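These notes concern the structure reproduced below.
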Amino acid sequence: TCEACSDIDAECASCTDGTTCTSCDTGFWLEDALSCTACSTCAEGEVVETACAADADTVCRSGSLATGLVTMKLHGQSGKFDLVPLDIDGNEDTANALKIAMDYLRELDADGNIIGNGG
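So that you can map any letter, position 7 of the sequence shown is 7 in UniProt numbering, and since no number is skipped, the others follow by simple counting.
Put into structure tokens, the structure is as follows:
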């Protein structure tokens, strides 16, 4: 926390002249270059579309999986993989991982016709 700015905004990470916050602590974003605001969390039934950044709040959307905020862990050639969501700091949230096991895979052309199979 920026000592000089702590009376103005406790979440200010750095400031100029003791009065103007220039960056915020993790979990906060600099709103209108005036003050640090806590990053929003998505409501039930929503997922993070864009993570909170230094200059913008979290953007949420309806859905069950967020693009760009998930890592995939393959289990060799078993047809099994995990989709692991990432938190706002990019850390894996393994408690909410989705485990997927494929029994069969078919190769289709653009019209949906089977052109091969993967086993």
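Beta carbons: idealized from backbone N, C-alpha and C, even for Gly. All values reported here derive from a predicted model rather than from experimental measurement.
Measure the Cβ-Cβ separation of residue i and residue j and say whether it is below 8 Å.
i, j, result
"THR71", "VAL59", "no"
"ALA13", "GLY27", "no"
"ASP25", "CYS36", "yes"
"GLY45", "SER23", "no"
"ASP82", "ALA97", "yes"
From this set, the options, which residue's C-alpha is nearest residue i's C-alpha?
i, options, result
"ALA51", "ASN113, ALA110, ASP111, ASN91", "ASN91"
"GLU31", "ALA56, ASN96, ALA95, ALA43", "ALA56"
"TYR104", "LYS80, GLY112, ASN113, LYS73", "LYS80"
"ASP89", "VAL48, HIS75, GLY116", "VAL48"
"LEU74", "ASN113, ILE100, LEU86", "ILE100"
"LEU34", "GLU11, GLY76, CYS21", "CYS21"
"TRP29", "ASP17, GLU11, LEU86, ALA43", "GLU11"
Could you tell me which residues DSSP pairs with residue i in its beta bridges?
i, result
"THR20", "THR16"
"GLU11", "DSSP output for GLU11 lists no bridge partner at all."
"LEU108", "ILE114"
**Prompt:** Whole beta strand (DSSP E) runs in the stretch 25-98 with 3 or more residues, listed along the chain?
**Reply:** 28-31, 35-38, 46-50, 59-62, 70-74, 80-85
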